[in-house]
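Scroll down for the structure; my scribbles are underneath it.
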Ligand code: HXC
């Protein structure tokens with residue numbers, strides 16, 4: 092071919108080039124592509140076609156090849172070295188991406204494969220644009236050895252450097268095994284596809300050999316397992332196309348970088364829209380649950396919210412909404428699960444979301460209905476002190492506008508944990524149904540009136556009477572309002588209007604922090 096190239100005319104050289112490109116576009120060949128499709132997966136190129144606006148994808152380093160010679164690799168051709176990299180427009184905005192091609196040597200990562208990914212990550216960082224990784228790979232290319240480990244190291248380093256600077260999203264669309272899982276884990280958001288993607292440090296065979304446990308791939312590291320048990324996966328999707336569509340929705344809420352403005356969508360929702368349904372949101376009985384997601388949706392433009400981590404730590408909700416076209420990050424206790432209590436996982440989930448929003452200048456809106464921290468040895472030994480501290484740390488360090496709305500219970504340490512004023516909330520509002528106190532009336536009376544209750548002729552009646560007295564004092568928002576701990580008591584139906592007013596008033600908020608290298612968040 093090189094002889095032909097030397098002798099070729101200009102037109103001949105163009106033809107040779109086109110033939111080479113055509114061959115590379117075949118990826119691992121028909122048989123491998125069929126296997127990919129039969130497995131319910133798109134190819135790496137089809138995924139990029141679906142991601143980018145038509146005709147905008149510009150491939151980078153198509154001609155890169157491995158130069159490994161061991162274990163017969165000198166005879167092995169791996170088109171594009173198993174990864175398609177480049178940039179293009181997603182709904183008109185520039186995004187960089189790397190899509191591993193499982194049809195070419197299992198999408199395995201060798202030195203040159205990694206360097207292609209480094210290149211587009213470096214471009215994304217320099218250009219201040221989001222980076223999307225589509226993972227479908229057998230992991231480190233075993234024949235190459237250490238260079239492939241170095242390759243992963245370079246990706247992890249870039250993931251870390253880019254963290255909080257540009258949004259990074261990973262789509263898991265096939266295997267991701269061993270240390271390879273750590274690039275996704277270092278990015279902001281992980282999307283997985285049901286039944287065709289999995290992630291684990293060690294697979295079922297190793298697990299069986301080492302500890303004798305039997306588990307299937309899907310049970311161990313499938314999308315549902317990571318979305319509901321480990322919290323590794325943030326969004327579960329039905330298939331490759333659905334996964335990419337959902338990533339595009341997430342991108343629509345995010346700025347290109349921490350230095351660039353938030354995207355503004357056209358909103359035809361009215362700023363003075365009342366939400367009469369919220370007047371009926373809180374059940375008369377304090378122990379009854381209600382769906383906090385309906386509260387969030389009522390407040391959001393066009394009742395739309397994009398929930399993340401939907402299946403994990405369901406006692407807290409984290410979601411992105413738009414208010415008058417601008418993105419807002421919502422953190423809300425969910426009374427439908429464990430009464431909305433704060434525990435280890437809920438603290439982790441909320442803290443990471445708060446830090447993400449703050450890094451990208453997305454204002455924070457908190458809805459509090461929280462009875463406290465989950466009691467018990469399980470939680471204490473799992474480190475609720477350490478994990479709960481993350482939430483306090485995340486709220487305190489966040490400098491974006493912070494609004495808190497107390498809908499019902501807001502007790503004790505969890506009152507602080509759900510962004511009270513002293514953690515830097517700019518504006519705290521409470522519904523007339525709010526109960527702001529050190530703890531619930533029953534628990535409080537059991538402690539402070541222990542002897543009165545025990546000594547009473549009718550302890551049960553005395554207890555009821557004392558609880559009623561405590562409730563009269565604290566089970567309302569008025570005591571907190573009298574202290575200025577909340578700015579306003581509002582009608583639930585006016586919540587959206589009030590939030591819009593505060594967000595508008597605080598939109599140019601600037602808050603300084605001490606100059607230092609970085610915080611030491613309790614990890
Ligand atoms: C080299 C690999 C490979 C690997 C797969 N292939 N994994 N080549 N290194 N790690 C090759 C296969 O030889 C095959 O090549 C092609 O990719 C497709 O693989 P198949 O096995 O035919 O596909 P499938 O049956 O779908 O099985 C996929 C698989 C399996 C489950 C991923 O290939 C597998 O278990 N691979 C090993 C996974 C693993 O243990 N990775 C961890 C490596 S260590 P041909 O030429 O026949 O098409 C690691 C550490 C990273 O990743 C540390 C980072 C810090």
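Residue numbers (my numbering): 92 to 614. Using N, Cα and C, we set each Cβ at its ideal position, and we do this for glycine too.
- Between the segment 277–288 and the segment 313–326 there are three or more C-beta pairs closer than 8 Å, enough to call the two in contact.
- In the DSSP annotation of this structure, residue 147 is not part of any beta strand (DSSP E), being labelled neither H nor E.
- Here residue 289 is bridged, per DSSP, to 266 and 313.
- Taken through DSSP and simplified to helix, strand or coil, residue 584 comes out as helix.
- Considered as a whole, the segment 410–464 harbours 435–450 as its complete alpha helix (DSSP H) runs of no fewer than 4 residues, in chain order.
- Cβ-Cβ distances below 8 Å link residue 118 to 124, 134, 135, 136, 170, 171, 192, 194 and 195 in the same chain, with the five nearest sequence neighbours on each side left out; the list follows chain order.
- For residue 213 and residue 152, the gap between their C-alpha atoms comes out near 14 Å.
- Taking the Cα positions, residue 599 is about 29 Å away from residue 369.
- When Cβ pairs closer than 8 Å are counted between the two stretches, the segment 333–349 is seen to touch the segment 214–221, the count reaching three or more.
- Assignment of residue 398 by DSSP, reduced to helix, strand and coil, places it in the strand class.
- Judged by beta-carbon spacing, residue 395 lies within the 8 Å limit of residue 412, meaning their Cβ atoms are closer than that value.
- At least one heavy atom of the ligand HXC falls within 7 Å of the beta-carbon of residue 199.
- The nearest non-hydrogen atom of the ligand HXC is less than 7 Å from the C-beta of residue 233.
- Taking C-beta atoms under 8 Å as the contact rule, residue 230 and residue 271 qualify, at a distance of about 5 Å.
- The beta carbon of residue 508 sits no closer than 7 Å to any heavy atom of the ligand HXC.
- Boundaries around residue 541 are those of the alpha helix (DSSP H), 541–546, since no beta strand (DSSP E) includes it.
- For the ligand HXC, a non-hydrogen atom lies closer than 7 Å to the CB of residue 196.
- Residues 200, 202 and 205 of the same chain have their beta carbon placed closer than 6 Å to that of residue 242, with the five preceding and five following residues left out of the count.
- Per DSSP, reduced to three states, the secondary structure at residue 574 is coil, with no helix or strand assignment.
- The alpha-carbon of residue 146 is positioned some 40 Å away from that of residue 385.
- Its Cα nearest to that of residue 469, the residue 434 stands out among 494, 457 and 434.
- For residue 555, the uninterrupted alpha helix (DSSP H) segment begins and ends at 550–565.
- The residues 181 and 182, in chain order, have a CB closer than 7 Å to that of residue 339 in the same chain once the five nearest residues on each side in sequence are set aside.
- Separation of residue 529 and residue 400 (C-alpha to C-alpha, rounded to the nearest whole angstrom) is 30 Å.
- Counting C-beta atoms within 10 angstroms of its own C-beta, residue 465 has 16 or more neighbours from the protein chains shown and is therefore classed as buried.
- Annotation for residue 535: 561 place their beta carbon closer than 6 Å to its own, counting only its chain and skipping 5 residues before and after.
- By the CB criterion at 8 Å, residue 366 and residue 389 fall inside the cutoff.
- Annotation for residue 602: 490 place their beta carbon closer than 6 Å to its own, counting only its chain and skipping 5 residues before and after.
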